[in-house]
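There are 2 protein chains.
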Amino acid sequence: MTEGTLVKVAECLKAASEVVILPHINADGDALGAALALGLWLRQMGKSVDVLVEEEVPSNLDFLPGLDLIKNHPDKRYNVALNIDNGDIARLGQREPYFHEAQIKLSIDHHATNRVEADYSYVDIKSAATGEIVYDLILEHLGGTLNKDIALCLYTAIITDTGGFRYTNTTPRTLEISAELLRQGIDFPYVIKKVFDMVSHTKLYLMKQTMNSLRLLEDGKLAVSYLTFEDIQKYPVKSDDYEGLVNIGRNLEGVEVSVFLREDPKGHFKGSIRSNNYVDVAAVSEKFGGGGHKRAAGFNVSGPLEEVILSVVAAILPGIRGNS
Amino acid sequence: MTEGTLVKVAECLKAASEVVILPHINADGDALGAALALGLWLRQMGKSVDVLVEEEVPSNLDFLPGLDLIKNHPDKRYNVALNIDNGDIARLGQREPYFHEAQIKLSIDHHATNRVEADYSYVDIKSAATGEIVYDLILEHLGGTLNKDIALCLYTAIITDTGGFRYTNTTPRTLEISAELLRQGIDFPYVIKKVFDMVSHTKLYLMKQTMNSLRLLEDGKLAVSYLTFEDIQKYPVKSDDYEGLVNIGRNLEGVEVSVFLREDPKGHFKGSIRSNNYVDVAAVSEKFGGGGHKRAAGFNVSGPLEEVILSVVAAILPGIRGNS
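Chains V and X supply the protein sequences, listed in that same order. Add 626 to the 1-based position in the first sequence for our numbering, that's all there is to it. Add 626 to the 1-based position in the second sequence for our numbering, that's all there is to it.
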């Protein structure tokens with residue numbers, strides 16, 4: 627895809643009267659922030675704009691300006707549909723027909739895995755967030771200017787997909803765009819608090835249980851933690867609630883390898899394994915039929931908890947001792 | 627203080643042959659990062675440079691380039707001394723004589739409370755970090771250029787004092803400087819991991835105990851957590867290990883006020899109190915002879931734990947119920 631198609635996307639939007647913007651299901655801060663920023667500017671251009679989402683707006687994004695643009699399933703057709711931050715049209719869920727029924731189908735995204743077919747599809751995998759693409763689209767191709775509302779949406783988009791400028795996808799351009807967004811006087815510490823700091827009751831409980839289970843072995847170089855099915859049953863746990871629990875052990879001073887195990891209803895364990903500096907945890911995971919990267923991998927294993935821990939530890943020790 | 631004095635600081639450094647750079651005691655990422663960045667450039671200019679520190683370099687900063695510039699208490703005098711990131715010469719500790727004995731005394735800092743007397747003292751309170759001042763000093767006044775080592779030091783300085791671009795002191799300029807630092811190809815996710823993610827055994831233990839103690843009252847709007855003296859005795863706890871523990875409750879969804887109590891050896895409790903949206907916790911703290919800001923305050927209180935909790939809760943409830 628080339629810059630040219632972003633120009634084409636802009637031309638189609640300029641010519642449109644009724645636009646529908648379609649982020650992926652479970653819209654996150656980038657999908658929703660980018661969609662609302664663009665929606666706000668298109669409305670300012672005099673277009674009729676709807677942003678359709680599948681679910682309720684999550685409480686950590688309920689501060690976003692432009693939420694009045696959001697509808698669920700209106701009985702309406704649009705002349706232009708824009709798929710946004712979504713690499714697969716099937717991930718529009720129930721809203722897929724709005725895309726297919728539009729006269730002109732557009733798409734902008736930054737995922738390398740994008741396989742969307744549209745009249746004009748722009749994919750820029752160098753952008754850390756779709757919010758960066760929308761920044762260019764508004765300012766360079768739609769004659770737009772920033773205002774505080776649009777800046778707040780785009781800032782939310784960018785920090786969501788860069789972990790607050792911490793992930794490797796963060797570029798100098800990411801920071802330069804964000805500098806311009808800050809110049810609009812947005813309350814960015816509030817956004818950070820909403821997007822990153824708020825913890826659900828479920829998550830706090832899982833963190834606490836994980837910490838309580840944590841064992842250190844091999845002079846503190848190996849951390850093992852776990853959640854049993856009994857632990858998990860107490861709260862309505864969603865799969866992304868487990869995210870980051872393996873890092874409680876990994877981030878502890880002196881730890882080289884952290885393993886986190888969680889039990890499913892059938893008594894099987896799903897293992898996540900991380901290393902900090904030298905142990906190849908993909909090789910460890912392969913011993914259990916799993917896989918991954920050198921510093922982050924996963925596997926499945928069955929058996930009673932203590933036996934599972936023993937076998938996983940036995941598989942890790944040679945790597946820690948430098949004779950794997 | 628004016629920009630003029632930064633020019634004067636630069637002129638004195640240019641004329642110097644032997645320079646000593648003096649960060650404050652317990653040098654953090656900004657003090658050490660700024661000192662080493664400047665030290666590296668001055669050495670490249672052909673100067674003899676020592677960076678004197680009081681303590682061991684903390685393990686979360688042991689990756690900084692230029693650590694070979696660091697000495698403790700050399701038997702030496704310098705013609706130019708530069709106090710850096712330090713608002714009070716007494717905070718040089720045992721190294722104070724190196725400053726007073728130098729022929730020319732310089733100082734650069736960003737603290738509003740700065741009261742350093744020097745031949746030339748530059749204080750810029752708009753800079754989020756002293757690292758930003760050093761960036762300008764090197765590039766605009768000392769004819770310097772960035773390299774990867776200097777960029778890594780300055781990036782560490784800036785993220786330390788802005789909490790990774792999250793605090794209100796972060797400015798558009800902070801992000802623009804950081805964009806230039808990223809252009810040097812530094813491994814910034816590694817720096818983030820070292821500076822922010824690593825947790826000590828003591829800290830993890832305190833977090834775990836705090837989570838285990840956490841009680842929710844008033845429909846989950848009030849979180850109370852504590853550490854008893856018995857809890858604290860088990861690890862070699864330093865006062866900054868308590869930092870952030872009150873936020874475990876504050877960041878929990880639905881919580882308006884979080885109180886964290888810790889017991890001292892005499893059975894007194896030190897209370898930290900935070901609110902998210904509407905309760906004036908300074909007013910609550912004043913009832914116990916303490917004080918602070920509307921969203922963050924502290925107090926001291928004596929008595930058995932459960933009685934202390936009851937009296938603190940009683941003081942908070944009217945504010946939460948909206949009839950304080």
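C-beta: ideal position from N, C-alpha, C; glycine also. No experiment lies behind these values; they were computed from the predicted model shown.
- Of all residues in the stretch 766 to 799 of chain V, only G790, F791, R792, Y793, T794, T796, T797, P798, R799 place a beta-carbon less than 8 Å from a beta-carbon of chain X.
- Residue state for X/L690 is assigned as coil, using DSSP reduced to three classes.
- For V/A716, no beta strand (DSSP E) encloses it, and the DSSP letter there is neither H nor E.
- At a cut-off of 8 Å between beta carbons, V/E856 makes no contact with chain X.
- Taking the Cα positions, X/D701 is about 20 Å away from X/R717.
- One alpha carbon belongs to V/G916, the other to V/S937, and they sit about 14 Å apart.
- For X/L808, the chain V residues whose Cβ falls inside 9 Å of its Cβ are T796, T797, P798, T800, L801, in order along the chain.
- Counting C-beta pairs closer than 8 Å gives three or more between the stretch 771 to 791 of chain X and the stretch 677 to 695 of chain X, which meets the contact rule.
- Looking at X/V881, X/V905, X/G897, the one whose alpha-carbon comes closest to that of X/L887 is X/G897.
- By the 16-neighbour rule on beta-carbons within 10 angstroms, X/A738 is exposed.
- Only residues of its own chain outside the window of five on either side were considered, and among them A754, D787 have a CB closer than 8 Å to the CB of X/Y793, listed in chain order.
- By the Cβ rule, the stretch 839 to 851 of chain X does not count as touching the stretch 795 to 810 of chain X, because fewer than three pairs are nearer than 8 Å.
- Cβ atoms of V/K820 and V/N686 come within 8 Å of each other, at about 5 Å.
- Within the model, the alpha-carbon separation for X/K892 versus X/Y852 is close to 16 Å.
- A straight line joining the alpha-carbon of V/T797 with that of X/A805 spans about 7 Å.
- A buried status is given to V/S747, since no fewer than 16 other beta-carbon atoms sit within 10 Å of its beta-carbon.
- Here V/E644 is bridged, per DSSP, to V/S674.
- With a threshold of 8 Å between beta carbons, X/N698 makes no contact with chain V.
- Judged by DSSP in its simplified three-state form, V/K731 adopts strand.
- Within the same chain, H767 come within 7 Å of V/V633 by CB-CB distance, once the 5 residues on both sides are set aside.
- The C-alpha of X/S928 lies about 10 Å from the C-alpha of X/D890.
- Proximity of the stretch 705 to 713 of chain X to the stretch 637 to 653 of chain X meets the contact definition, three or more beta-carbon pairs being nearer than 8 Å.
- Setting aside the 5 residues that flank it on each side, X/R741 is surrounded in the same chain by G713, D714, each with a C-beta closer than 7 Å to its C-beta; the list follows chain order.
- Here V/V907 is not near V/I946, since their CB atoms are 8 Å or more apart.
- In this chain, the beta strand (DSSP E) harbouring V/A922 covers 922 to 928.
- The Cβ neighbour count for V/G719, taken over all protein chains shown within 10 Å, is under 16; the residue is labelled exposed.
- If you check the CB distance, V/I734 and V/V885 do not come in under 8 Å.
- Restricting attention to X/Y816, X/N838, X/L658, the CA atom closest to the CA of X/G875 is found in X/N838.
- For V/R841, the three-state secondary structure derived from DSSP is strand.
- DSSP places X/I874 in the uninterrupted alpha helix (DSSP H) bounded by 871 to 876.
- Taking the C-beta atoms as reference points, V/S911 is found no nearer than 8 Å to V/F895.
- Taking C-beta atoms as the reference points, V/I818 and V/I803 fail to come closer than 8 Å.
- Taking every protein chain shown into account, the CB of X/R721 has 16 or more other CB atoms within 10 angstroms, so this residue is buried.
- Look at the stretch 825 to 836 of chain V: the residues with a C-beta under 8 Å from a C-beta of chain X are V825, S826, H827, L830, M833, K834.
- Comparing C-alpha distances from X/V881 to each of X/K864, X/V675, X/V905 shows the shortest one belongs to X/V905.
- Rounded to whole angstroms, the gap between the alpha carbons of X/D654 and V/V679 is 45 Å.
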